[in-house]
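Here's the structure, in structure tokens; my notes come after.
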């Protein structure tokens with residue numbers, strides 16, 4: 008009886024049995040909900056076929072120049088190897104030139120668990136119609152700004168009249184917000200202003216300007232690096248005894264917006280308008296109210312506190328800005344430790360609601376809880392400040408405020424114990440005087 012012949016077994020070279028070929032692993036893929044957009048537009052980055060249940064890092068650069076900038080995102084990959092990450096297009100890509108109306112961006116996604124698993128796609132950032140002209144007639148400067156940006160100010164600070172620039176809401180102390188300041192040159196030279204931005208004072212030897220031009224105006228450029236804040240480039244322009252200094256950067260990448268910088272024009276108004284001591288009736292002037300009240304008392308141009316009464320800050324008059332005090336405190340090294348350990352944000356109390364002030368340049372990031380005047384001396388105004396640090400440690404200090412050339416500064420700093428009033432300490436000193444005459 009004939010048996011059917013079995014089919015031959017597949018064999019490779021040398022008669023070795025070959026195993027079935029496994030299906031190739033699909034390469035990661037990257038897609039965008041839109042491959043073209045304008046600054047501030049929201050899109051989504053979609054990834055598939057990545058290593059599952061892990062994370063992916065998304066980075067941006069230019070397609071023509073793979074120069075990495077500090078802009079990365081992370082997203083979680085699901086069990087199927089897919090992810091979706093929302094993304095806001097940057098305002099204006101740096102270094103794109105003065106005439107370019109668009110730039111090609113390269114978006115790369117890399118698996119954090121298997122770095123060899125990457126995917127790329129491109130995006131055209133079109134900013135041809137994404138800007139609006141802005142002109143500040145009060146301070147005499149103008150520039151082009153993105154359509155969605157606003158300007159808030161003027162705000163009075165010890166470093167000059169400040170304007171916040173960026174996409175709303177503009178939060179004080181937020182490094183993503185661009186800043187413009189104007190001050191008389193006799194009060195703030197470029198090197199003094201740069202020193203304040205860099206360290207708060209005492210580091211003039213570390214100021215290293217680069218000579219440049221801003222819209223054909225001679226200017227100085229300085230990269231400011233402070234702890235906890237991305238490096239920001241500042242520009243300093245002096246015209247007609249007025250100083251304009253500013254940082255203009257993308258709120259997402261923190262990179263300088265070169266193209267917009269070159270639209271800045273500065274034609275100063277009179278020095279009287281740009282001075283720091285502007286009329287207190289201006290709504291934007293920031294005043295301290297130690298004892299909150301439902302209604303604010305009218306400002307007094309020439310304060311005359313009664314000798315029998317303990318003056319408060321509003322009665323003192325010129326010491327109305329907590330900014331002035333804190334700038335001097337930081338400059339004169341109030342604390343014996345590093346600034347990084349004892350940085351704080353100024354705030355004043357109005358209607359029982361703390362409102363942070365704009366001390367962006369000094370990078371103060373904690374809260375001033377209480378502020379009161381202890382007494383008036385012939386040499387100045389003695390101020391007692393109580394500060395609560397992040398670890399709830401309470402620190403009190405006495406400051407003697409002295410007015411010189413219409414500018415208030417801190418002359419003396421001494422500890423002020425919290426359990427007892429500061430004026431109780433000198434009561435024992437008279438007993439030692441008679442013994443010295445023997």
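In our numbering, the protein residues as written are 8 to 445.
C-beta: ideal position from N, C-alpha, C; glycine also.
Small disclaimer: the values here were computed from a predicted structure and weren't measured.
Asked, Found
"Coarse secondary structure for residue 67, derived from DSSP in three states", "strand"
"Three CB pairs or more closer than 8 Å across the stretch 267 to 276 and the stretch 134 to 152", "yes"
"Pick from 170, 237, 242, 210 that is closest to residue 221, judged by C-alpha positions", "242"
"Top-ranked residue by Cα proximity to residue 238, from 244, 257, 156", "257"
"N- and C-terminal bounds of the beta strand (DSSP E) containing residue 236", "236 to 246"
"Cβ-Cβ distance between residue 49 and residue 93 below 8 Å", "yes"
"Beta-carbon proximity list for residue 83, same chain, < 7 Å, skipping 5 on both sides", "62, 90"
"C-alpha gap between residue 212 and residue 96, whole angstroms", "39 Å"
"Unbroken alpha helix (DSSP H) run spanning residue 5, endpoints", "This structure cannot speak to residue 5, because the chain is shown only from 8 to 445."
"Limits of the unbroken beta strand (DSSP E) element including residue 215", "Neither: residue 215 is in no beta strand (DSSP E) and is coded neither H nor E."
"Cβ contact (3+ pairs, closer than 8 Å) linking the stretch 182 to 201 and the stretch 153 to 166", "yes"
"Spatial neighbours of residue 119 in its chain, beta-carbon cut-off 7 Å, leaving aside the 5 residues before and after", "61, 62, 63, 64"
"Cβ contact (3+ pairs, closer than 8 Å) linking the stretch 242 to 254 and the stretch 223 to 232", "yes"
"contact_flag[the stretch 195 to 208, the stretch 247 to 254] where n(CB pairs < 8 Å) is 3 or more", "yes"
"Integer-rounded CB distance, given that residue 121 should sit under 8 Å from residue 58", "5 Å"
"Complete runs of the beta strand (DSSP E) confined to the stretch 112 to 195 [at least 3 residues]", "125 to 133, 138 to 143, 148 to 153, 157 to 164, 167 to 173, 185 to 191"
"Other residues of its chain near residue 240: CB distance less than 8 Å, five sequence neighbours each side excluded", "228, 229, 230, 231, 254, 256, 263"
"Rounded straight-line distance, which links the Cα of residue 200 to that of residue 131", "39 Å"
"Test item: CB-CB of residue 43 and residue 69 under 8 Å", "no"
"Option nearest residue 79 by Cα separation, candidates 51, 66, 148, 113", "66"
"Buried versus exposed, by CB contacts within 10 Å (16 or more), residue 328", "A caution first: residue 328 carries a pLDDT of 38, below 50, which makes its placement in the model too unreliable to give a value."
"Euclidean distance between Cα positions of residue 259 and residue 173", "11 Å"
"Which residues DSSP lists as bridging residue 93, in chain order", "51"
"Endpoints, the alpha helix (DSSP H) within which residue 267 is located", "265 to 268"
"DSSP-derived helix/strand/coil call for residue 298", "A caution first: residue 298 carries a pLDDT of 31, below 50, which makes its placement in the model too unreliable to give a value."
"Neighbour-count burial assignment, residue 37, 16 or more Cβ in a 10 Å radius", "buried"
"Own chain partners of residue 129 with C-beta closer than 8 Å, once the 5 adjacent residues on each side are dropped", "42, 70, 111, 112, 113, 114"
"Buried versus exposed, by CB contacts within 10 Å (16 or more), residue 215", "exposed"
"Whole-angstrom distance between residue 40 and residue 236, CA atom to CA atom", "32 Å"
"Residue 446 in three-state terms, based on DSSP", "Shown here, the chain extends from 8 to 445; a query on residue 446 therefore has no answer."
"Segment limits, beta strand (DSSP E) that includes residue 60", "Looking at the DSSP string, residue 60 is not in any beta strand (DSSP E), and its letter there is neither H nor E."
"Nearest candidate by alpha-carbon position, reference residue 34, set 52, 45, 116, 109", "116"
"Distance CB(residue 155)-CB(residue 47) smaller than 8 Å", "yes"
"Reduced DSSP category for residue 250 - H, G, I as helix; E, B as strand; rest coil", "strand"
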